[in-house]
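Trainee:
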Amino acid sequence: MPPANLSIWSASLKLQVQLAYVALSDEELAEALSAKESQRRQILSAVADQLIGAGRLRPGWSREHAIDALQLISSSASTAHLLKLRGQSEKEALELMHAMVGGIFDLSSSS
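Everything in the sequence shown is counted per my numbering, starting at 12 for the first residue and increasing by one.
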């Protein structure tokens, strides 16, 4: 599993919550946040499509559900939950995320 630094997501949780509340009454900010999520989904869709193209999508998963799951797993809110609320280390959080992605895609090198 590649090294990653998840603490940036956890550290920015308060700011993200504040931005989400402001976006409720600020249309320009709401559009910017929506565009950011849309761009993130496009990136995750490309990753999913590569894995699907390689025949790694596990039975029972559709493309759209796999992308939805990747978006949820990789969200800053999910990361903050694991690190702050559950008190997991970054290593523990990454291992859990890796296991969840492995439930969607066959990540073994022999596929």
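Yeah, the Cβ is synthetic: ideal placement off N, Cα and C, and Gly gets one too.
What first and last residue would you give for the alpha helix (DSSP H) that runs through K102?
Mentor: K102 -> alpha helix (DSSP H) spans E101 to I115.
Trainee: Using a threshold of 9 Å, state whether the C-beta atoms of I84 and S56 are closer than that.
Mentor: Contact: no.
Trainee: DSSP has L68 in a bridge; who is on the other side?
Mentor: According to DSSP, L68 bridges with F116.
Trainee: Using 8 Å as the cut-off, can you tell me whether the segment 63-76 makes contact with the segment 38-48, which would need three or more C-beta pairs spanning the two stretches below that distance?
Mentor: Contact between the segment 63-76 and the segment 38-48 is absent, because fewer than three Cβ pairs lie under 8 Å.
Trainee: Under 8 Å Cβ to Cβ from E103, same chain only, skipping five residues before and after it: list those, please.
Mentor: Excluding positions up to five away in sequence, the list reads L93.
Trainee: Locate the alpha helix (DSSP H) running through R74, then write down its first and last residues.
Mentor: Unbroken alpha helix (DSSP H) run through R74: R74 to I84.
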